[in-house]
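Position in the sequence shown (from 1) plus 34 gives the number in the numbering used here. Quick reminder that beta carbons are idealized off the backbone N, C-alpha and C, glycines included.
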Amino acid sequence: MDPSRGVERPGGCGATRPGGDRVNLFLDAFAWLADPANWTGPGSIPQRIAEHLWVSGVVLVIASAIALPIGALVGHSGRGREPAVMISGGLRALPTLGVLTLFGIWIGIGLAAPVISLVILAIPPLLAGAYAGFESVDRRTIDAARAMGMRELQVVGKVELPLGMPIVVGGIRSATLQIIATATLAAYIADEGLGRFIFTGLKTRDYGEMLGGSILVILLALVIDGCFALTQRVVVPAGVRATRTAELRSRPTRPRTVVGRPNTEGNQE
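As structure tokens, then:
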């Protein structure tokens, strides 16, 4: 990073103000984002975004390779449901910063500790999504596929996976957003990602840079979430969409509950 960045300047982004003027703080953040010097050179915003996406992608690939096959197997066979739920719930309860600090002390400075920590924290939503996606397929549909002579791998690949894909993608979507959000903590141990702006701004009291880095993380998460929302719509088979639409239209309307006493004035003779 450019040494001139993140240095506290009197009256600038890093200056403290009596009363904490929040409006000026946001103006400082937008001024930091609009500064051309922050978009070029080593440690620039594009470079940090690329690092953030790289770390998040590596974590997602490793966690998916571990969790998705296990979740698919549990959802397909129905075996091992209780251990899978227990493991998923236990991993969800782990504190992110605590796990990151533990592996940082054990492994040392570098990307290995953040990647391992984020993989552990990304497994629960992926496991739950894969398991729920395969389990949501109607058993009668699976029995019909087997009656037609399909083998188990064909049932998984041609029946369960296409029908359960929207829920599986939903689990991947949830895990990806969690990874992008918590990957900011990778800068706590390794000089990588958008979290570097946040920790540098906190250290130098350059709150404009700190808030600007936070805004970048939020925008990146929103963009990725939008991409996954479109993906979920694409992966839903046309027949499933038509069936769901027909079911929604065929549902009877709920009777409205009348609150209070009815007005009978004018009806009495």
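The ligand FMN and residue 135: does the residue's C-beta get closer than 7 angstroms to at least one heavy atom of that ligand? For the structure depicted, the ligand FMN is absent and the ligand set is empty, with no information on it obtainable.
How do the region 198-209 and the region 261-268 stand: do at least 3 beta-carbon pairs fall below 8 angstroms, yes or no? The region 198-209 vs the region 261-268: in contact.
Is it the case that the Cβ atoms of residue 94 and residue 122 are separated by a distance below 8 angstroms? no
Among 226, 175 and 124, which residue has its Cα nearest to the Cα of residue 196? Comparing Cα positions, the closest option is 175.
How close, in whole Å, do the beta carbons of residue 134 and residue 147 come, if the pair is a contact with beta carbons under 8 angstroms? 7 angstroms
Whole-number beta carbon distance between residue 215 and residue 227, since they are thought to touch under 8 angstroms: No, residue 227 and residue 215 are not in contact; Cβ-Cβ is about 11 angstroms, not under 8 angstroms.
Leaving out five residues on either side along the sequence, give the residues of the same chain with a beta carbon under 6 angstroms from the beta carbon of residue 87. none
6 angstroms CB neighbourhood of residue 151 in its chain, flanking five on each side removed: 133, 134 and 137
Same chain, Cβ closer than 7 angstroms to residue 179, neighbours up to 5 away in sequence not counted: 189 and 193
Reduced DSSP secondary structure (H/G/I, E/B, other) of residue 208: In the three-state reduction of the DSSP assignment, residue 208 falls in the helix class, which pools H, G and I.
Where residue 228 falls: helix, strand or coil (DSSP): coil
Helix, strand or coil for residue 196, going by three-state DSSP, please let me know. helix
Taking the C-alpha atoms as reference points, what is the distance between residue 335 and residue 84? The requested residue 335 does not occur in the structure, where the chain is confined to residues 35 to 303.
Can you give the Cα-Cα distance for residue 81 and residue 183, rounded to whole angstroms? Here the alpha carbon of residue 81 sits roughly 53 angstroms from the alpha carbon of residue 183.
Return the first residue and the last residue of the alpha helix (DSSP H) that residue 249 is part of. 241-269
Using only the alpha-carbon positions, how far apart do residue 248 and residue 68 sit? 15 angstroms
Per DSSP, what kind of secondary structure is residue 184 in: helix, strand or coil? coil
Limits of the alpha helix (DSSP H) - the one that residue 154 falls within: 146-169
Please state whether DSSP places residue 80 in a helix, a strand or coil. helix
At least three beta-carbon pairs within less than 8 angstroms, the region 157-171 to the region 230-241: no
Close beta carbons around residue 156, own chain, < 7 angstroms, minus the five adjacent residues each side: 93, 94, 97, 209, 212 and 213
Contained beta strand (DSSP E) runs [length at least 3] in the region 94-149, N- to C-terminal order: none
Short of 7 angstroms in beta carbon distance, which residues of its chain neighbour residue 78, apart from the five on each side in sequence? Order them along the chain. 72
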